[in-house]
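To start, the structure under review is shown below, and the notes come after it.
Chains as they are written, first to last, in full-length UniProt numbering: chain A, 1 to 404; chain B, 1 to 639.
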């Protein structure tokens with residue numbers, strides 16, 4: 001459509017370079033397009049080069065925690081981790097140690113220590129790590145402490161830029177902790193202890209969030225309902241677990257969750273709970289939707305519009321559910337509320353993830369490796385958060401009040 | 001929020017009789033009683049808090065007598081007669097003059113009917129759908145059914161029996177009223193004096209400062225008992241009232257016509273006109289659907305105002321200058337107008353000195369109010385200006401009593417500076433900062449008209465070296481986009497210029513739509529230059545994100561569902577005439593045609609469904625979050 005427009009023709013004549021624009025790409029203005037695709041595309045094609053493939057640290061963590069993955073993917077990922085992760089890790093360590101100078105303590109280490117606990121969300125680990133920063137700080141003034149905290153949170157954020165909840169958790173922690181009246185205390189030590197107190201409290205709230213959400217969502221799960229879940233989300237699992245414990249009768253449809261097959265793991269967990277589970281391939285969602293009573297998904301991040309960023313495939317499930325008038329419920333802790341506002345799918349920092357197709361892909365074939373998509377708020381029914389059951393539009397209200 | 005509710009509850013239910021409202025008709029056969037018990041007096045042009053825009057608007061009913069006004073043949077309008085109060089239905093004048101509530105037609109109409117009876121007949125067929133018989137019926141319907149119409153000035157030549165009762169109803173006699181009425185006015189005044197004496201203990205200084213704007217109808221004003229005023233309070237506007245400064249509010253409401261006065265409410269328009277400085281000639285051929293909006297002949301005010309330059313002692317020169325600029329369109333754009341107004345106020349405050357026996361807070365507020373009413377006469381206020389005025393008045397009202405005059409003046413001046421700086425200039429910078437993050441390399445951005453915020457965004461993105469192209473969409477009659485286009489091209493931005501007619505074509509290639517806004521209302525509706533809604537709708541249909549850039553001080557808690565109930569009508573000539581195209585100017589004599597209506601709307605309302613994001617100084621928010629911003633903003637500043 002666009003390439004037959006007059007002004008595009010004009011543009012073309014202005015920049016003669018861009019004759020070879022692939023028409024299906026989303027960016028329209030030619031010069032940057034050729035650059036970006038040309039630079040990024042060729043190395044991606046060959047499976048042998050997979051180790052160079054960009055890999056989101058967030059998804060690496062997830063895979064390490066609870067991935068049911070194919071062996072070859074795992075080996076690839078390990079390779080990739082060995083190639084890039086080691087370098088990253090060293091950089092991080094040096095950054096964490098060098099940047100803070102005399103500080104005897106690195107946030108990243110602390111963060112990683114917390115992160116090892118499989119049930120602890122990344123954001124909570126970050127919050128715990130930041131709380132430890134306050135505790136170990138040798139600062140003598142509030143300003144110093146604040147700067148130190150800021151540095152720590154920045155280094156945490158830069159450690160993994162693809163994780164929305166990590167960024168959001170750090171930001172929220174900063175807001176929550178520093179917005180206190182601590183600055184009015186005369187005595188620095190009492191102010192500091194107050195900060196630590198708040199930090200601990202925030203960490204605890206975040207830890208409890210999952211329980212609260214599970215309790216809140218029980219009213220929505222009724223006997224005999226069929227729930228469609230997508231991907232593996234610990235909150236959703238907690239919700240379903242609580243429902244099973246409450247002797248609710250329901251069955252669950254699990255999508256497979258390609259490429260890392262997170263749905264398989266969820267179905268395993270549910271089978272352990274004696275919940276009837278049916279496994280679907282991702283493309284069978286529309287086929288089964290008329291049997292489904294509600295869709296339950298987790299979220300990597302909840303953005304300001306009230307939409308969610310979640311594992312690839314959530315958007316299409318939400319679209320199908322919306323067109324069939326099925327409710328789409330999102331379970332997400334409030335530390336995932338991020339100050340982001342994607343306008344469309346491509347308006348986010350991409351989190352990439354290698355995809356195993358089982359067969360070698362010809363080098364001329366481009367592979368979409370993005371790991372997540374954005375579901376706009378109009379396709380979501382309710383968000384279950386630890387702040388309560390919210391409509392999507394309330395998310396922005398909460399964020400405004402928090403950040404104003 | 002609490003005082004709002006209580007004040008609403010306090011209001012006398014009688015108030016409800018006043019508005020646009022088909023009440024049970026007051027008993028016609030007993031005129032004397034009805035006058036003594038005083039059917040709710042005409043709404044004074046001023047609403048209780050004239051400075052504040054009321055959150056809800058009452059769409060006016062279209063009653064037949066009004067439509068007849070519209071169809072009045074030009075012959076019955078003598079141009080020197082300034083406010084044609086109710087030139088209704090010349091045919092009904094004779095029959096109805098003895099019926100009290102059915103107010104006889106206004107002076108012009110009455111006179112015309114005496115002079116040339118055929119003019120009445122002439123008016124009838126031109127109405128298009130009313131027959132001669134219908135006219136009589138129609139004229140009596142509003143009179144009995146609608147209390148608003150019940151108070152109209154009496155023509156001098158009407159029988160005395162009718163006149164007596166009507167004149168009692170008349171709150172404000174026109175300057176040209178016959179002597180006979182004055183006696184009754186004195187009577188009423190005596191009555192009011194008595195009432196006031198009773199009230200005087202309660203509020204000593206309340207009515208003192210009220211004489212501010214110079215007007216011939218003044219003497220009756222301070223005599224007005226507060227109870228009556230309460231009756232006049234419209235429900236909605238009263239809700240704006242804040243708990244503390246009630247007497248102050250009352251002073252205020254004397255001077256400023258309500259910013260959104262319903263212009264088909266004759267009595268109120270009457271009152272407003274009597275005190276107005278700018279003499280506006282009402283448009284002859286008013287657009288039917290927009291009768292509630294001011295519709296004046298354009299181009300007549302300026303010479304008139306210029307000629308009166310030395311007579312206007314009440315208006316500060318700086319204010320006068322800005323007002324003239326509004327009038328002839330030199331100043332347009334929400335921010336520019338608001339800044340100019342605030343700076344004019346600053347000048348005026350600098351030269352202000354409190355008259356003896358008055359307090360600065362009250363007198364200055366009244367002064368500002370009179371300036372505001374002057375501005376309104378020049379051009380209806382934008383919502384941003386309304387908000388700024390609200391801010392200013394609030395600041396004045398909250399001045400500590402202990403301050404000396406010079407200190408107080410300095411405080412207010414610095415407050416104004418702060419407002420301009422923080423709420424407009426810095427806010428724009430923040431908006432630019434946010435918006436630029438949404439511009440990627442390779443984007444094609446579309447903008448409509450000329451918005452200062454959008455221009456800043458585009459230029460800043462260009463300075464950052466982003467590769468993008470701009471499509472400037474423009475429309476007649478203002479063609480504001482040309483200026484924007486020129487400034488963008490000068491800076492080296494790649495641009496495409498097109499008219500709104502091609503919008504569906506050009507949107508194929510667009511990736512983002514950036515729009516400015518005159519205001520954002522609390523249901524997310526964007527109130528902006530006419531045409532914006534069209535652009536947003538087409539963009540929505542093409543799934544192109546629409547980003548609205550608007551400073552938070554322009555947000556308003558009102559809710560508006562269409563572009564009709566509140567809008568501004570521009571000069572109809574500019575849409576009927578195309579300059580430089582003599583060959584297609586077929587509508588030269590349009591003003592005389594009764595069948596032609598040319599609504600030149602200035603604004604329109606874009607439903608929030610079409611808006612993906614609103615970029616404000618509080619960040620990027622979805623349109624559903626506007627109420628939060630409004631609430632937080634209020635809390636921060638004046639609540």
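Glycine included, each C-beta is placed from N, C-alpha and C at the ideal position.
Three or more beta-carbon pairs separated by less than 8 Å link the stretch 524-531 of chain B to the stretch 602-610 of chain B, which places the two stretches in contact. In this structure residue 293 (chain B) does not touch residue 521 (chain B) by the C-beta definition: roughly 17 Å separates them, more than the 8 Å allowed. Taking each of B:510, B:341, B:360 in turn and checking the Cα distance to residue 389 (chain B), the smallest one comes out for B:341. According to DSSP, residue 370 (chain A) shares a beta bridge with A:352. By the neighbour-count definition (other C-beta atoms within 10 Å, threshold 16), residue 586 (chain B) is an exposed residue. Take residue 423 (chain B), set aside five residues on each side of it, and the residues of its chain with a beta-carbon closer than 6 Å to its own are 553, in chain order. In the structure shown, residue 137 (chain A) adopts coil according to DSSP, grouped into three states. Taking a 10 Å sphere around the C-beta of residue 312 (chain A), we find 16 or more other C-beta atoms and assign the residue as buried. Straight through space, the alpha carbons of residue 385 (chain A) and residue 239 (chain A) are spaced by roughly 12 Å.
Any Cβ of chain B closer than 8 Å to the Cβ of residue 400 (chain A) would place that residue at the interface, and such an atom is present.
For residue 208 (chain A), no beta strand (DSSP E) run applies; the uninterrupted alpha helix (DSSP H) run containing it begins and ends at 188-217, by DSSP.
Closest by C-alpha distance to residue 109 (chain A), out of A:219, A:128, A:355, is A:128. In its chain, beyond the 5 residues on either side, 477, 569, 570, 571, 572, 574, 575 have a beta carbon closer than 8 Å to the beta carbon of residue 600 (chain B).
Among the residues facing chain B, residue 238 (chain A) is not included, as its CB has no counterpart in that chain under 8 Å away.
No residue range can be given for residue 337 (chain A), since it is assigned to no beta strand (DSSP E) and is classified by DSSP as neither H nor E. The residues 584, 585, in chain order, have a CB closer than 7 Å to that of residue 578 (chain B) in the same chain once the five nearest residues on each side in sequence are set aside. A contact is defined here as three or more CB-CB pairs under 8 Å, and the stretch 203-210 of chain A fails this definition with respect to the stretch 268-278 of chain A. Minimum Cα-Cα distance from residue 468 (chain B) among the listed residues B:519, B:195, B:458 corresponds to B:458. For residue 540 (chain B), the secondary structure class from DSSP, reduced to helix, strand or coil, is helix. Residue pairing of residue 613 (chain B) in beta bridges, as defined by DSSP: B:547.
Residue pairing for residue 497 (chain B): DSSP places it in a beta bridge opposite B:472. Residues of the same chain with a CB within less than 6 Å of the CB of residue 370 (chain A), apart from the 5 flanking positions on each side, are 350 in chain order. In the assembly as shown, residue 356 (chain B) is an exposed residue. Its beta-carbon has fewer than 16 other beta-carbons within 10 Å. Ranking B:394, B:401, B:382, B:383 by CA distance to the CA of residue 358 (chain B) puts B:401 first. Listed in chain order, the alpha helix (DSSP H) elements of length 4 or more contained wholly in the stretch 406-493 of chain B are 427-436, 452-463, 481-490. Taking 7 Å as the upper bound on Cβ-Cβ separation, chain B lies near residues 304, 305, 306 of the stretch 277-306 of chain A. Around residue 291 (chain A), the same chain offers 226 as residues with beta carbons nearer than 6 Å, after the five sequence neighbours per side are excluded. Taking all protein chains shown into account, residue 117 (chain A) has fewer than 16 neighbouring C-beta atoms within 10 Å of its C-beta and is therefore exposed. Going by beta carbons, residue 169 (chain A) and residue 233 (chain A) fall outside the 8 Å limit.
Among the CB atoms of chain A, none fall inside 8 Å of the CB of residue 448 (chain B). For residue 341 (chain B), no CB of chain A lies under 8 Å from its own CB, so it is not counted at the interface with that chain.
Taken atom to atom, the span from the alpha-carbon of residue 133 (chain A) to that of residue 114 (chain A) is near 13 Å.
Distance from residue 402 (chain A) to residue 391 (chain A) at the Cβ level is roughly 17 Å; contact not present, criterion being Cβ atoms closer than 8 Å. In this structure, residue 344 (chain B) keeps its C-beta atom at 8 Å or more from the C-beta atom of residue 372 (chain B). For residue 596 (chain B), the closest C-alpha among the options B:268, B:336, B:506, B:289 is that of B:289. In terms of Cβ geometry, residue 455 (chain B) and residue 487 (chain B) form a close pair [threshold 8 Å].
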